[in-house]
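Working notes for the structure below.
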Amino acid sequence: MILAPIGFLAEDPVTGDPTLADFGHDPWWLVLVKVVGVFVFLVVMTLFTIWYERRVVARMQVRPGPNRHGPFGLLQSLADGLKLAFKEDIMPLKADKVVFFIAPVISTVCAFTAFSIMPFGPFVSMFGTRTPLQLTDIPVAVLLVLACSGMGIYGIVLGGWASGSTYPLLGGLRSAAQLVSYEVAMGLSFVAVFMTAGTMSTSEIVNAQAQGSPVNLFGFEFTAPSWFFLLLLPSFIIYSISAVGETNRAPFDLPEAESELVGGFHTEYSSLKFALFFLAEYINMVTVSGLCATLFLGGWRAPTSFESFWPGINSGWWPLLWFTIKVLLLLFVFIWLRGTLPRLRYDQFMRFGWKVLIPVNLVWILTLAGIKTLQKQNIPAQEKLIYAGLAVGVILLLALLWPQKKEEPVLPIEEQVARRPEGSFPLPPMDLQVPVSPRANRLTAERETVPATSEEEV
Amino acid sequence: MMLSTQVLAAAAEVPTGEKWVFFLLAPLALAGALGMIIARNAVHSALWLVLTMLSLGVFYIVQAGPFIGMVQIIVYTGAIMMLFLFVLMLVGRDASDSVIETLRGQKVVAVLLGLGLAGLLGTGVYQATRGMPSAGLELANANGNVQGIAQLLFGRYVYVFEVTSALLITAAVGAMLLAHRERAKGERVGQAAQMRARFEPGNYAGPKPGPGVFANSTSVATPAKLPDGTPAERSISPILPTRELTSAEIANKPTEGK
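This is the structure:
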């Protein structure tokens, strides 16, 4: 990639979509319009996501969820937000006043900043000016998101410390440890994307996923999938897991584990300061989902195969819709996880991050680098196959010769019961037959009065 | 002096935006550095340092080094300072340094030595770089900033890079060795073993009875009664002083016939 000189519009030669060189030429008022646009998008997404989460979790728990204010209860989160603003703002006596005040501000500012490099779409016409549908792009755009999330955690850590109380402090400490552990895994999962796309700028990563490259394997010609989530599946999985850890969401919400730490870092916060933390958490969710869509799910692009029956699907303002749909689907996964999984124990959580995610990621990057180097070498296919076979053989040999833990033989249940020492906790008899309760008998009798055919129809 | 004319000539070419960023952030960076030294509270000190590091990161970015700027923010501000904070927070909120000098005249000497070191470093760098031709950032960033750094790191300086990483790994392994505690074989009890021990004979697996259960008093110092009427010693906290119970408190709660 060669940076074009300033003042020169350089579209992607294949797709005609924005590249890095297209940014930095907007007039100031257009930048302002875009900034306001991103701000509004994030705030609306936050309000929507809170409602969305409550409705989806309610649906999973077979209850209606908020349905009073506005159509489908859509205005519920707006009402909640207004209520929060009018609540009493409490400053704890032992709080460090300045730090207590700036902590939520840091969190929120960083959350908003991270979204500035998110690509929403291709070139559009805004008030007669042709401009990319993206606030800005820099050569290290993805690293900006990483930096912002790292800085955003300062808000949580400092908020926990400045509250001057034990539970928030523990929440802050947990958050610091969590960030340091899971940001490493997250950063490593970007590496495979950078290696494949050849760039760190978000607009060009989206371009790199526009078309699959042709692959020649054993004489078969086929097109590799263009979206990175298939091409780089391990990275996608690790990113998804560490993104949940990075945003402090269930099952990794240990900094605010309410059964252990009351409310975690935000125990002492109330009113608008609490609202800012809340806002930052939901914006972070939207950001990691947006980044996931950008890096792995083709960005704002609808699948290329759709272009055959709708040629204009990836032009104009439509991609904004595809991007939003992808983000909402990813947010659904966040909510799904929260509705399904219990919180992890702290040591298990740390062990998972350090001993599973990071080593797996390193091995995967090494493998990918090996594949890429083999592809670039100008050697016959048979020789490439030999190299690949050698690597696979070494791995298989290692797996076979790896010392295994001796597994203790599992005794049958009768023997386990017989081996228990005298005076053990009483067990029900193994052949226990629970008698049918008389109430259940009555209920069945009542039900039998209904004709049997109608039961089958239902 | 040649240097000052060069600097002035270069300053004339600096774009307005860059100038503004410099004049806005340079005082902030300095204020951060001073605040770090002056602040009494260790956490405040760390926060001032964060301000300086962030300003430096922005300077790098403005001076056409976006990669090093982002790395500065992610690694130094995001990870290393976070670890510092982690330790400082464990020290406790109200731990401030005392301002009493343990060595007489320590502050004055420290200031003088600091100024001397800064002067030495400044003149050293000036002498080393005087008259050195500068190729310019356009050339260095010709193929993109990240690509340029990658080419240098993994091409020309690959051995230096590898030796540095070996040094860092050695440091990490050393730290792990220092912090590691060898455990005897049976010392570590797993979760499954803990659960098995909980249900072993002689250990009551259920929760302890609360004070006053089945008793005639609501006092926490009154033992709960087991179903056979005997007092349950486990129901009273050991820190409570023992007291003699009245006969009304000892009597079983009348439940017959109700």
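Listed in order, the protein sequences are those of chains Y and L. Just so we're aligned: 8 in UniProt numbering is position 8 of the first sequence, and the numbers increase by one with no gaps anywhere. Just so we're aligned: 16 in UniProt numbering is position 16 of the second sequence, and the numbers increase by one with no gaps anywhere. Cβ coordinates follow ideal geometry from the N, Cα and C atoms, glycine included. Note that the structure is predicted; figures quoted are calculated from it, not measured.
Measuring alpha carbon to alpha carbon, tell me which residue in P64/Y, P132/Y and R54/Y is nearest V33/Y. P132/Y
When you compare the CB positions of E244/L and N216/L, do they come within less than 8 Å of one another, or not? no
Using the beta-carbon of each residue, which ones in chain L are nearer than 8 Å to P139/Y? P66, F67, G144, N145 and V146
Counting only beta-carbon separations shorter than 8 Å, does V180/Y have a partner in chain L? yes
Where DSSP assigns a beta bridge to T131/Y, which residues make up the other side? DSSP links T131/Y through a beta bridge to V124/Y.
How many Å lie between L49/L and L30/L at the Cα? Rounded to whole angstroms, the gap between the alpha carbons of L49/L and L30/L is 10 Å.
Got a sec: is the Cβ-Cβ distance from F425/Y to anything in chain L below 8 Å? Yes, its Cβ sits closer than 8 Å to a Cβ of chain L.
Using a 10 Å radius around the Cβ and a threshold of 16 neighbouring Cβ atoms, would you call V180/L buried or exposed? According to the sequence as given, residue 180/L is His; it is not Val. Exposed, by the Cβ-count rule.
Top-ranked residue by Cα proximity to V36/Y, from G70/Y, Q134/Y and L432/Y: When only C-alpha atoms are compared, the closest one is Q134/Y.
Closest by CA to N145/L, which one among T199/Y, W227/Y, P168/Y and G121/Y? T199/Y
Exposed or buried, which one is Q178/Y when buried takes at least 16 other CB atoms within 10 Å? buried
Across which residues does DSSP place K225/L in a beta bridge pair? Answer is P231/L, bridged to K225/L.
With DSSP as the reference, label residue 460/Y as helix, strand or coil. This structure cannot settle anything about residue 460/Y, because the visible part of chain Y is limited to 1 through 458.
Local conformation of N248/Y per DSSP, three classes: coil
I'd like the list of long-range same chain contacts for I241/Y, defined as Cβ closer than 8 Å, with 5 residues on each side in sequence excluded. Setting aside the 5 residues that flank it on each side, I241/Y is surrounded in the same chain by A185 and L357, each with a C-beta closer than 8 Å to its C-beta; the list follows chain order.
Chain L beta carbons: is any one of them nearer than 8 Å to that of P403/Y? no
I'd like to know whether the C-beta of E183/Y is nearer than 8 Å to at least one C-beta of chain L. yes
Rounded distance between the beta-carbons of Y182/Y and E246/Y, thought under 8 Å: 5 Å
Under 8 Å between C-beta atoms, does F8/Y make it to chain L? Since pLDDT at F8/Y reaches only 43, below the 50 mark, its modelled position is unreliable, and the value read off the structure follows with that caveat. No, because no Cβ of chain L sits closer than 8 Å to the Cβ of F8/Y.
Check distances from the C-beta atoms of the region 78–90 of chain L to those of chain Y and list, in chain order, the residues that come in under 8 Å. G78, A79, M82, L83, L85, F86, M89 and L90
Given 7 Å as the limit, tell me if F352/Y has its C-beta closer than that to any heavy atom belonging to the ligand SAM. You won't find the ligand SAM in this model; it holds no ligand whatsoever.
Using the beta-carbon of each residue, which ones in chain L are nearer than 9 Å to residue 462/Y? Nothing about residue 462/Y can be reported from this structure: the residues present for chain Y run from 1 to 458 only.
Proximity of L254/Y and T46/Y at Cβ, strictly below 8 Å: no
Does P18/Y get closer than 8 Å to chain L when you measure Cβ to Cβ? Taking Cβ atoms only, chain L never reaches closer than 8 Å to P18/Y, which makes this a no.
The region 42–61 of chain L: which residues have C-beta closer than 9 Å to a C-beta of chain Y, in chain order? V43, H44, L47, V50, L54, G57 and I61
With a cut-off of 8 Å, do at least 3 Cβ pairs link the region 281–293 of chain Y to the region 324–331 of chain Y? yes
List, in chain order, every chain Y residue whose beta-carbon is nearer than 8 Å to that of residue 259/L. Within the shown structure, residues of chain L are numbered from 1 to 258, placing residue 259/L beyond reach of any answer.
Assess, as a yes-or-no matter, whether the region 98–114 of chain L is touched by the region 70–88 of chain L under the definition of 3 or more beta carbon pairs within less than 8 Å. Counting Cβ pairs under 8 Å, fewer than three are found: no touch.
Please go through the same chain and pick out, in chain order, the residues whose beta-carbon is closer than 6 Å to the beta-carbon of V38/Y, but skip the five residues on each side of it. F115 and L135
At 7 Å on the CB atoms, spell out the chain C contacts of L261/Y, in chain order. Looking for chain C here will not work: the only protein chains present are Y and L.
Along the chain, where does the alpha helix (DSSP H) that runs through K372/Y open and close? I358 to K376
Whole-angstrom Cβ separation of A224/L and A232/L, contact assumed at under 8 Å? 5 Å
Given 8 Å, three or more beta-carbon pairs between the region 360–374 of chain Y and the region 83–90 of chain Y: no
Alpha-carbon to alpha-carbon, G73/Y and L320/Y: So the two alpha carbons sit approximately 25 Å from each other.
Report the residue from W51/Y, T108/Y, L170/Y and I102/Y whose alpha carbon sits nearest the alpha carbon of V87/L. L170/Y
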